[in-house]
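Residue numbers (the numbering used here): 191 to 626. Notes follow once the structure below has been shown.
Listed below in structure tokens is the structure:
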């Protein structure tokens with residue numbers, strides 16, 4: 191999956207800020223009370239417009255009170271972030287807090303360092319404005335490891351189907367599909383030989399194909415793993431049915447037959463902007479690019495149709511506190527609560543194209559007006575009501591990689607869905623067994 195949805199934010203390659211190692215007794219080396227304020231350092235991997243907005247909001251926080259001073263630093267691009275952070279933590283040169291880690295599937299490795307602060311006591315504190323009730327069950331699950339909550343989702347995204355309205359009109363399609371069978375039928379109507387395909391599907395390796403396949407699996411009534419995450423369960427009748435829902439379209443020629451995925455794109459946007467496909471699965475973060483290429487009035491959105499039922503996968507950027515003095519941890523928690531407050535979330539999400547993590551933001555007047563003015567965003571937001579999350583286990587990355595390679599073979603029609611899932615099951619289960 192592209193890092194933007196792994197985490198959700200479009201965290202592309204940027205110029206890293208050189209970070210100097212600190213000395214001291216805490217993880218960060220910060221003294222905690224410099225100049226009368228508790229100093230905390232926050233690492234992130236936001237770039238571009240998101241980095242600009244984050245800087246603006248952090249300055250707003252600093253100006254809003256006189257007890258805490260937040261210094262934000264860009265640490266590394268998303269695929270290098272956690273490795274850099276783990277190395278810094280081992281050397282006691284890490285930050286006090288991470289804001290928006292865009293690879294939540296790797297956070298388990300950070301938790302293993304023992305330097306991530308469990309948030310359960312903070313969440314249950316009567317003075318806390320952020321509690322477990324601030325999130326949906328699916329959102330909260332992204333940060334739970336072995337029964338403890340270590341991270342909270344601060345950026346939310348999911349995916350829907352983005353489509354070319356003009357192509358739908360030319361094909362005589364007046365309503366968007368609400369089931370996968372209807373989507374398959376529409377894709378055939380939208381296909382014009384090899385010059386225009388009805389759909390671009392997630393072909394390629396990495397997390398994106400797995401991330402999107404999980405929604406199809408859930409919508410077919412299957413599960414990715416068992417309840418305690420010790421056994422993979424995607425190699426099932428439902429799993430095969432989910433994969434065949436894609437490969438059938440590739441076989442009948444209604445889906446684009448190759449991968450357009452790059453390090454910065456899941457392939458859906460290039461397929462749409464080049465008019466190679468009428469529909470693609472992608473996130474709200476791509477709407478600006480698509481509007482510019484195709485015209486805003488020509489870009490539509492509808493919820494990802496399910497096979498048996500509606501299903502969606504959560505993309506989250508997760509934030510967490512790192513060990514240090516009590517003053518530093520409390521200050522970091524204060525900042526996290528402020529960042530997750532409805533007023534701030536509304537500003538951040540409107541500026542970045544992300545969705546609220548705090549369910550209370552849904553009632554914020556500014557956010558409600560934004561949805562009313564932007565019905566396409568509402569299509570993404572409505573999916574959060576039933577969206578689920580990936581397993582929060584250290585071995586998830588390796589499990590995903592095993593499945594990803596086999597999904598690609600099936601999607602390129604080099605292997606049957608049955609054989610691909612059987613092979614992936616063996617490899618993924620071996621990873622889980624070795625992790626025990």
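Backbone N, C-alpha and C fix where the C-beta goes; we use that ideal spot for every residue, glycine too. Predicted model only: the values in this text are computed from it and were never measured.
query: Helix, strand or coil at residue 471 [DSSP, three-state]; result: strand
query: 8 Å Cβ cutoff met for residue 532 and residue 554; result: yes
query: Nearest-angstrom beta carbon gap, residue 350 and residue 570 [assumed within contact, 8 Å]; result: 5 Å
query: Selected residue, minimal CA-CA separation from residue 466, among 536, 388, 486, 603; result: 388
query: Cβ-Cβ separation, residue 380 to residue 386 (assumed contact under 8 Å), whole Å; result: 7 Å
query: Residues near residue 361 by beta carbon distance below 7 Å, same chain, minus five either side; result: 379, 380
query: Sub-8 Å separation of residue 582 and residue 397 beta-carbons; result: no
query: Burial state of residue 598 (16 or more Cβ within 10 Å); result: buried
query: Residue 270, DSSP secondary structure in three states; result: helix
query: Three-way DSSP call (helix, strand, coil) for residue 291 in this model; result: strand
query: Bridge partner(s) assigned by DSSP for residue 259; result: 229
query: Residue interval of the alpha helix (DSSP H) (run including residue 301); result: 297 to 301
query: Spatial distance of residue 588 from residue 400 (CA atoms); result: 12 Å
query: Coil, strand or helix - residue 455 by DSSP; result: strand
query: Cβ shell of residue 503 (< 6 Å), same chain only, five flanking positions each side left out; result: 401, 404, 405
query: Limits of the unbroken beta strand (DSSP E) element including residue 489; result: 489 to 492
query: Cβ distance (whole Å) where residue 614 is taken to contact residue 585 below 8 Å; result: Contact flag wrong, Cβ pair sits at about 14 Å.
query: Sequence-distant residues of its chain with Cβ nearer than 6 Å to residue 192 (five each side left out); result: Only weak support is given to the placement of residue 192: the predicted model assigns it a pLDDT of 38, under 50, and the value that follows is read from those uncertain coordinates. 398, 456, listed in sequence order.
query: Continuous beta strand (DSSP E) stretch holding residue 509: start and end; result: 505 to 511
query: Residue from 353, 323, 250 whose Cα sits closest to the Cα of residue 550; result: 323
query: Residue 394 - DSSP class collapsed to helix/strand/coil; result: coil
query: For residue 436 and residue 501, believed in contact at Cβ under 8 Å, the rounded distance; result: That pair is no contact at about 14 Å.
query: CA nearest to the CA of residue 393, picked from 451, 354, 305; result: 451
query: Residue from 530, 367, 366 with nearest C-alpha to residue 325; result: 530
query: Cross-strand partners of residue 350 (DSSP beta bridge); result: 472
query: Integer Cβ distance of residue 470 from residue 477, believed to fall under 8 Å; result: The Cβ separation is near 12 Å, so there is no contact.
query: Residue environment, residue 603, which counts as buried when at least 16 other CB atoms sit within 10 Å; result: exposed
query: C-beta contact flag for residue 300 and residue 276 at 8 Å; result: yes
query: Residue 416 classed as buried or exposed, judged by whether at least 16 other C-beta atoms fall within 10 angstroms; result: exposed
query: Distance between residue 490 and residue 256 (C-alpha atoms, nearest Å); result: 46 Å
query: Helix, strand or coil at residue 343 according to DSSP, with G and I counted as helix; result: strand
query: Straight-line Cα distance separating residue 580 from residue 420; result: 14 Å
query: Neighbourhood of residue 521 by C-beta, 6 Å cutoff - its chain only, sequence neighbours within 5 removed; result: 228, 230, 258
query: Alpha-carbon to alpha-carbon, residue 264 and residue 541; result: 19 Å
query: Residue burial classification, residue 296 (beta-carbon count within 10 angstroms, cutoff 16); result: buried
query: Assigned secondary structure, residue 584 (DSSP; H/G/I helix, E/B strand, else coil); result: coil
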